[in-house]
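Colleague: Each step along the sequence shown adds one to the number in our numbering, with nothing skipped, and position 241 is 250. The structure's right below; bear with me while I get my questions together.
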Amino acid sequence: MKNKKVTILNILVDSVSVESILTKDLSGFVVTPNLDHLVKLQSDKLFYQIYRSADWVFCDSRYIWLFSKLFNTPIKEVITGSDLFPNYCLSVASVKKNNKKIFILGGTTKLILEKAVNNLNSLSEINYVVDSCSPPFGFENDKSYMDQLIYRINKSKANVLAIGLGAPKQEKIYYLIKDQLLDIKLTFAIGATIDFISGDLKRAPYWIKKIGMEWFYRMCLDPKRLIKRYLIEDLPVFILFIKQKFGLYK
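This is the structure in structure tokens:
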């Protein structure tokens, strides 16, 4: 499936509609950059390399979408990870006979992950989420745990993997284990999506998302964690956008 790619700072973003994505048999590694990701990509070389090698890069920010229009290379649609993965699951659930088997890695707690899995599997007559794991903090530094995790994913025979551990950790975990996954054909990096699906973390109302203020809604719900990120750490990205507009970004 060939599609237009738009350069946003140092990454190439796919300019496609969510409808066109869901009607195709996706494969590869899917990432959905937001402003925070763009900031991290400026200084984290491994994160940048992983992004550059991703098969699909979808716009997860209305601000990125707006700036693409300013650059005269408009991205077709905002496709957030928190919308894309649930919609993908709905499309899987709507087909009575399919070969999709999903493994979910992440979730704030085991209980939240269990609720999310139950909610997804309730959409279909079959349990297409075949296994899941909410790993402990620092698990990526425990070789024994990582070996067991890879074994568990392979044993599940899953061919779709969704990793919700936050960026850039989730992308780096995938990069670390991808060559050892026997059956995985498609991987989503999904951030907080598991918590949204479980119902424990509320999405912003539609009208708030539509005007690009979901970040503000989330910040109000979790100010201790997000005020610094959104109001201090992410602000430099707007200077970078202006530099790109005038050909000064390198």
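Built from N, CA and C at the ideal position, the CB exists for glycine as well.
1) Using the DSSP secondary-structure output, state which residues sit across from Leu114 in a beta bridge.
2) At which residues does the beta strand (DSSP E) containing Asp23 begin and terminate?
3) Can you tell me which of the three DSSP states Gly208 falls into?
4) So, are the CB atoms of Ala125 and Ile206 less than 8 Å apart?
5) Taking the alpha-carbon positions, what's the Leu132 to Tyr97 distance?
6) At 3 residues or longer, and completely inside the stretch 54-88: list those beta strand (DSSP E) runs for me, N to C.
7) Could you give the distance in angstroms between the alpha-carbon of Ser77 and the alpha-carbon of Tyr226?
8) Start and end of the alpha helix (DSSP H) containing Ile248?
9) I need the DSSP call for Ile199, collapsed to helix, strand or coil.
10) Would you kindly check if the distance between the Cβ of Tyr258 and the Cβ of Leu244 is under 8 Å?
11) In terms of alpha-carbon separation, which member of Glu180, Val39 and Asn168 lies closest to Tyr5?
12) If you check the beta carbons only, do Asp204 and Leu210 fall under 8 Å apart?
13) Write down the C-beta distance between Ile162 and Phe112 rounded to the nearest angstrom, noting that I regard them as a contact closer than 8 Å.
14) Check this for me: beta carbons of Arg85 and Val25, under 8 Å apart or not?
15) Going straight from the alpha carbon of Lys252 to that of Pro42, what length do you get?
16) Terminal residues of the continuous beta strand (DSSP E) containing Lys13?
17) Less than 8 Å between the CB atoms is what I'm expecting for Asp140 and Ser100, so what's the real figure, rounded?
18) Cutting at 6 Å between CB atoms, please list the residues of its own chain near Tyr239, excluding the five before and the five after it.
19) Who are Phe38's beta bridge partners in DSSP?
20) What is the DSSP secondary structure of Asn107, counted as helix, strand or coil?
21) If distances are taken between C-alpha atoms only, which option among Ile59, Val15, Ser29 and Glu123 comes closest to Leu75?
22) Going by beta carbon distance, what residues of the same chain come within less than 8 Å of Leu185, once the five residues before and after it are set aside?
Modeller: On the basis of the coordinates in this document:
1) Per DSSP, Cys142 and Ile172.
2) Ile20 to Ser24 is the span of the beta strand (DSSP E), which, as asked, contains Asp23.
3) Here Gly208 sits in coil by DSSP.
4) In contact: Ala125 and Ile206 (Cβ atoms closer than 8 Å).
5) About 12 Å.
6) Correct list: empty.
7) For Ser77 and Tyr226, the distance between alpha carbons rounds to 24 Å.
8) Unbroken alpha helix (DSSP H) run through Ile248: Pro245 to Lys254.
9) The answer is coil: DSSP assigns Ile199 none of H, G, I, E or B.
10) Judged by their CB atoms, Leu244 and Tyr258 are not nearer to each other than the 8 Å cut-off.
11) Because the chain here runs from 10 to 259, residue 5 falls outside it and cannot be looked at.
12) Yes.
13) Indeed they touch by this definition, with Cβ atoms about 5 Å apart.
14) The sequence as given places Lys at residue 85; Arg does not occur at that position. Yes. Within cutoff.
15) Our two residues, Lys252 and Pro42, have alpha carbons roughly 19 Å apart in a direct line.
16) Residues Lys13 to Ile17.
17) About 20 Å; that fails the 8 Å criterion.
18) Trp224 and Met228.
19) For Phe38, which the question treats as bridged, DSSP gives the partners Thr196.
20) Under the three-state reduction of DSSP, Asn107 is assigned to coil, being neither helix nor strand.
21) Leu75 has its Cα closest to that of Val15, out of Ile59, Val15, Ser29 and Glu123.
22) Contacts found: Glu149 and Met155.
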